[in-house]
Each structure stands twice: as C-alpha cells, then as structure tokens.
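Comments concern the structure below.
Following this line, the structure appears as structure tokens:
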C-alpha cells in the first residue's frame, strides 16, 4: 500500500509556510492539491505528492531551521482522533503510547518507538524512506511533539534531552531556545526524552472516557486504512465482542468472514496468535478501566469478557504483578500527589 499522509496535517505545514510569506494557495494549484481536502478528515495524500510539495516549500523559505516553527501552529484537529486522544491521556506515558501505537493515523512514513530506562522515557522517530527524513521534516516532527507535550503538561514544560540524526546546523540557538534542554546532533536516532517523573505525573486535562472513544475510532481507522492488516482488524473485532463473554477465535473469524484455520494461519504469518492479541487488547483496556473510578471491578471484569471477578483478578496479576484493587489504589495515590 502506498505511503500516505492524513490530509489535515497539511494545515500545520501551510500555516508554517505562510508565516514566511509563502503563497500556499498558489502551491496547492501547482501541485494539484484540492484546498477542500486539507480540512477533510476522511482524506489522505500520497507521500510522493507530499514529498514534492515539501521540497518546493523548503526551496522557497530562506531559513534552514524553519521546521522548528511548527511548534507555534500545532492544533489537535490536524491529527484527528489521535490529536484529541493525546490531549485526553491521563499521563504523558499514556500519550506517548497512543502516539506510537496509532502514528499511522497521521503518517505511515514514520514509525515511532518507545524506549525506557530506570529514569527516562523516550520517543524515537524512525523514517521509512530517505525522502521523509530531511532535516526540516525532522525538525517539524520534534517541534510538533514539543507543542503536544506542552498542551498536556503546561507551557513551561521542557524535555530532558532531544537528539537529531542530521549534522549540527550552523545556528543551534533556535534549538536550545525551543527545547530548553540538552540538544545533540549526529545521533543514532531522532529522540525526544522526558523523565519518568514527568512521564507518570497525572495531567488535569485527562478524560478516560473520551480517550477510550478515540482509541476505538483509531483502531477502526487503521484497520480500514490497511485492510490487509489482519492484526488491527482482529483487535477491532475483539474490542467489539469482548463484553459478550463468548470471545473466541472462531467468533472473530466468522466476524471477519474468514475460516478459523485461515485466521490462525494469517496471524501465524504475522508472528502472533489470537490468544496473544486477546491478551494485548485486554491489558490495554484494563489499564484504562481501572483508572475510571466509576467502574466497579465486577463491571470491568464483565467488560473484558471474564465470567468471574476471580478470573480477571488472576489474569490482571499475571499481567502487572499487582491485583486490580491494589493497582487502582496505587493510581489513586498518584493522582493525589
């Protein structure tokens, strides 16, 4: 499937370009871009078309660090459900996880990966083609992430460190002014690092119910985006059928119009099994449900497809090393800090 970009993301690029006096209306005509599609949440542009457009914008702007200016123009609507799911995440860790998991919603030309040490949490950007890894596009990606984290954590937030794969530019002042943290160049990866304390600090903008709704929408969107992505299709189907209490690979195969054997074979070809995907979905949902004080543990057990609370409790302890009750108390304690 051709690589593509979520259409409303062009609004961020165009606003940045217009701040330098670039006539974006003329550019859209030149590159055959329908202005109506830029605000259409159901539209996507092929990356080959976007690559040519971005190259031209870079030629027109006499500022090698112009990508950093994206920090001024980011808005969650430019990322669709992912942008609003990010805003309603209860911690930056949860937000980073959503971004890494659903980055395809915005663009499938870059893969995001979370790395964690004893005191740090990082988000790495891996570009799948050389054309997408130009300096100004990397600058734009990390500047956008800066705007996103400040939307959750406050305007005075700054990361612990930021690194870039390209050579050190002649003028590094704008980087230190923006990130207000150590910045390195010629690094192995493009990385945005925060402390674990910041990663797990509760955020006042969180809304568990809205975040879950956005997650479900993104699961369906990604599955629709790549109809051959059997893993995402199965996860969507599992999520929809969990509360029935009769979840099985036979049921999901039928829902996807596949034979049970075909489903098993295709999952095996992708290095996974139905049981693994079922567990992954339950773990993700359980973490969200546990944080929702309005749901009793019995209700959570039912929503996750367990016939008894004791079965859910055993499974949850295997996943986290803690009982659901203790885990909930720990999270409540964090929110009081």
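Numbering (my numbering), first residue to last: 393 to 729. The beta-carbon is built from N, C-alpha and C at its ideal position, and this holds for glycine as well.
{"Asked": "What three-state label does DSSP hand residue 661 in the structure shown?", "Found": "helix"}
{"Asked": "Does the Cβ of residue 662 have 16 or more other Cβ atoms within 10 Å, making it buried, or fewer, making it exposed?", "Found": "exposed"}
{"Asked": "DSSP has residue 505 in a bridge; who is on the other side?", "Found": "516"}
{"Asked": "Considering only the alpha carbon of each residue, which of 540, 401 and 511 lies closest to residue 500?", "Found": "401"}
{"Asked": "Alpha carbon to alpha carbon, what distance is there between residue 627 and residue 704?", "Found": "19 Å"}
{"Asked": "With residue 586 and residue 551 assumed to form a contact (beta carbons below 8 Å), what rounded beta-carbon distance in angstroms separates them?", "Found": "5 Å"}
{"Asked": "Counting only runs that start and end within the segment 457 to 488, where is the alpha helix (DSSP H) found for 4 or more residues in a row?", "Found": "473 to 479"}
{"Asked": "Measure from the C-beta of residue 586 to each C-beta in chain D and report whether the shortest distance is under 9 Å.", "Found": "As a matter of chain content, chain D is missing from the structure shown, which is built from one protein chain."}
{"Asked": "Per DSSP, residue 379 is paired with what?", "Found": "Residue 379 lies beyond the residue range present for the chain, which begins at 393 and ends at 729; the question has no answer from this structure."}
{"Asked": "Between residue 713 and residue 707, what straight-line distance do the alpha-carbon atoms span, to the nearest angstrom?", "Found": "10 Å"}
{"Asked": "Among 511, 630 and 439, which one has its Cα closest to the Cα of residue 520?", "Found": "439"}
{"Asked": "Where residue 675 and residue 536 are concerned, what is the direct C-alpha to C-alpha distance, given to the nearest angstrom?", "Found": "29 Å"}
{"Asked": "By Cβ distance below 7 Å, which residues in the same chain neighbour residue 728 in space, the five residues on each side in sequence not counted?", "Found": "Note that residue 728 scores 43 on pLDDT, short of 50, meaning its location in the model is unreliable; the coordinates nonetheless yield the value given after this. Within the same chain, residue 728 has no close Cβ partners at all."}
{"Asked": "Since residue 581 and residue 516 are thought to touch, with beta carbons under 8 Å apart, how far apart are those beta carbons, to the nearest angstrom?", "Found": "5 Å"}
{"Asked": "Flag residue 714 as yes when its Cβ comes closer than 8 Å to any non-hydrogen atom of the ligand COA, and as no otherwise.", "Found": "Absence of the ligand COA from the depicted structure is noted, as is the absence of any ligand whatsoever, leaving it without description."}
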